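Scroll down for the structure; my scribbles are underneath it.
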Amino acid sequence: MPSASASAYAIGDLQGCCSSLLSLLEKIDSTTPNSHLIFVGDLVNRGPQSLQTLRLIRALGERAQAVLGNHDLHLLAAAHGIRKLHRSDTLDEILNAPDRDELLDWLRHRPLALCLQDHLFVHAGVLPQWSATKTLSLAQEVADVLQGPNWVDFLREMYGNQPLHWNDDLQGNDRLRCIVNALTRLRFCDKDGTMELAAKESTGISLPGYLPWFDAPQRQTEDVTVVFGHWSTLGLIQRPNLLGLDTGCVWGGKLTAVRLADRALLQVSCPQAQRPG
Numbered sequence: 001m002p003s004a005s006a007s008a009y010a011i012g013d014l015q016g017c018c019s020s021l022l023s024l025l026e027k028i029d030s031t032t033p034n035s036h037l038i039f040v041g042d043l044v045n046r047g048p049q050s051l052q053t054l055r056l057i058r059a060l061g062e063r064a065q066a067v068l069g070n071h072d073l074h075l076l077a078a079a080h081g082i083r084k085l086h087r088s089d090t091l092d093e094i095l096n097a098p099d100r101d102e103l104l105d106w107l108r109h110r111p112l113a114l115c116l117q118d119h120l121f122v123h124a125g126v127l128p129q130w131s132a133t134k135t136l137s138l139a140q141e142v143a144d145v146l147q148g149p150n151w152v153d154f155l156r157e158m159y160g161n162q163p164l165h166w167n168d169d170l171q172g173n174d175r176l177r178c179i180v181n182a183l184t185r186l187r188f189c190d191k192d193g194t195m196e197l198a199a200k201e202s203t204g205i206s207l208p209g210y211l212p213w214f215d216a217p218q219r220q221t222e223d224v225t226v227v228f229g230h231w232s233t234l235g236l237i238q239r240p241n242l243l244g245l246d247t248g249c250v251w252g253g254k255l256t257a258v259r260l261a262d263r264a265l266l267q268v269s270c271p272q273a274q275r276p277g
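Residue numbers for the sequence shown follow UniProt numbering, so the first one is 1 and each next one is one higher.
Put into structure tokens, the structure is as follows:
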């Protein structure tokens, strides 16, 4: 696996904004040609070019890595009739594409977490009681199922908010669902790591009794830099051990890339804001 060097960039949520991605890649290549790219998930949906986005990232080959986001999992579930398309979804082009099976197979083989040197990549968050090593191990448990022969059966059991609290004794679909919810949906938890999954993204960071997952006391991933997306209302977050990269491109904000070695920032604007839904 490539190391987090001067030629590695982390890139925020794309959500089908392929034209913005192409503009961002031009900026990256003019600064650091052939740099390694790590996407924090939600490659597709809500934006106007989900099919083109998925094809482009897949075509980048070994140059690019991506973790799965909740919208990516939604695509996999919708493709098998497990979830209905929402009114604001923009996935029909993928579902009707001649190469849909190849694209979906590529997508389901993406991890839910990955690590490059001291950077831990997830889409949404990490429960405070999980270390980086444990996060990667738990993410691999889900990947083993998604990449196995019974992956569609798991998708049927993946949705739901329970259990809200992690326990090492969890087994089966309850265990896998808790892992998926933390890595792809988490925004708030209480000081003991119990997840709050009902609040919409537009909610601020002041839910009574809850706090952003990254502010939980004694968070076990404080010894690494966690890189995440999923929370566009937060905007860009740059702390010594935290990078929040969802800057709301699909909602008329910006698409963001950060060079891992020195925190150099590159951004492009979305040419056309989409309507939240």
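Here a beta-carbon is modelled for each residue, glycine too, at the ideal position from N, C-alpha and C.
Owing to the predicted nature of the structure, the values given are computational and were not obtained by experimental measurement.
Open item on the list: Less than 9 angstroms between the C-beta atoms of Ser23 and Leu255, yes or no?
Closed with: For this step, residue 23 is matched to residue 23 along the sequence shown. For this step, residue 255 is matched to residue 255 along the sequence shown. In contact: Ser23 and Leu255 (Cβ atoms closer than 9 angstroms).
Task: Nearest-angstrom Cβ-Cβ length linking Gly229 and Asp42, presumed shorter than 8 angstroms - done: Indexing the sequence shown from 1 puts residue 229 at position 229. Indexing the sequence shown from 1 puts residue 42 at position 42. With a Cβ gap of about 6 angstroms, Gly229 and Asp42 count as contacting.
- [ ] Thinking Ala182 and Gly125 are a contact (beta carbons under 8 angstroms), I'd like their distance in whole angstroms, please.
- [x] Here residue 182 is taken as the residue at index 182 of the sequence shown, counted from 1. Here residue 125 is taken as the residue at index 125 of the sequence shown, counted from 1. Indeed, because the Cβ distance is near 6 angstroms, the residues count as touching under 8 angstroms.
TODO: Kindly list the residues whose CB is nearer than 8 angstroms to the CB of Val180, restricted to its own chain and excluding five residues on each side of it in sequence; keep chain order.
DONE: Start at 1 with the first residue of the sequence shown, and residue 180 comes out as number 180. In chain order, Leu73, Leu112, Val142, Met158 place their CB closer than 8 angstroms to the CB of Val180, counting only its own chain and leaving out the 5 sequence neighbours on each side.
Open item on the list: On the CB-based measure, 16 or more other CB atoms within 10 Å of its CB, does Gln274 come out buried or exposed?
Closed with: The count along the sequence shown starts at 1 and reaches residue 274 at position 274. Any answer about Gln274 is weak, because its pLDDT of 47 lies below 50 and its placement is not dependable; what the coordinates show is given next. Gln274 is classed as buried because its beta carbon has at least 16 other beta carbons within 10 Å across all chains shown.
Open item on the list: If you follow the beta strand (DSSP E) that Leu85 is in, where does it begin and where does it stop?
Closed with: In the sequence shown, counting from the first residue as 1, residue 85 sits at position 85. Neither: Leu85 is in no beta strand (DSSP E) and is coded neither H nor E.
TODO: Counting only the same chain and skipping the five closest in sequence on each side, list residues whose C-beta sits under 7 angstroms from that of Met1.
DONE: In the sequence shown, counting from the first residue as 1, residue 1 sits at position 1. For Met1, the predicted structure reports a pLDDT of 39, less than 50, and the residue's modelled location is therefore unreliable. A value from the coordinates is still provided. Within the same chain, Leu116 come within 7 angstroms of Met1 by CB-CB distance, once the 5 residues on both sides are set aside.
Task: Alpha carbon of Pro212 to alpha carbon of Met195, nearest angstrom - done: As a working note, residue 212 is residue 212 in the sequence shown. As a working note, residue 195 is residue 195 in the sequence shown. Between Pro212 and Met195, the C-alpha separation is close to 10 angstroms.
TODO: Provide the residue(s) that pair with Lys254 in DSSP beta bridges, ordered along the chain.
DONE: Locating residue 254 in the sequence shown gives position 254, counting from the first residue. DSSP lists Gly248, Ser269 as the beta-bridge partner residues of Lys254.
Task: Neighbourhood of Val145 by C-beta, 8 angstroms cutoff - its chain only, sequence neighbours within 5 removed - done: One-based indexing of the sequence shown puts residue 145 at position 145. Cβ within range, chain order: Trp151, Phe154, Leu176.
- [ ] Using the DSSP secondary-structure output, state which residues sit across from Cys115 in a beta bridge.
- [x] For the purposes of this step, residue 115 is taken as residue 115 along the sequence shown, with counting starting at 1. Answer by DSSP bridge pairing, in chain order: Leu120.
Task: Inter-stretch contact at 8 angstroms, needing at least 3 Cβ pairs: the stretch 257 to 267 / the stretch 156 to 173 - done: Contact between the stretch 257 to 267 and the stretch 156 to 173 is not established, with fewer than three Cβ pairs separated by less than 8 angstroms.
Task: Boundaries of the alpha helix (DSSP H) in which Gln52 is found, first to last residue - done: Position 52 of the sequence shown, counted from the first residue, corresponds to residue 52. In this chain, the alpha helix (DSSP H) harbouring Gln52 covers 50 to 59.
Task: Cβ contact (3+ pairs, closer than 8 angstroms) linking the stretch 43 to 61 and the stretch 11 to 23 - done: Yes, the stretch 43 to 61 is in contact with the stretch 11 to 23.
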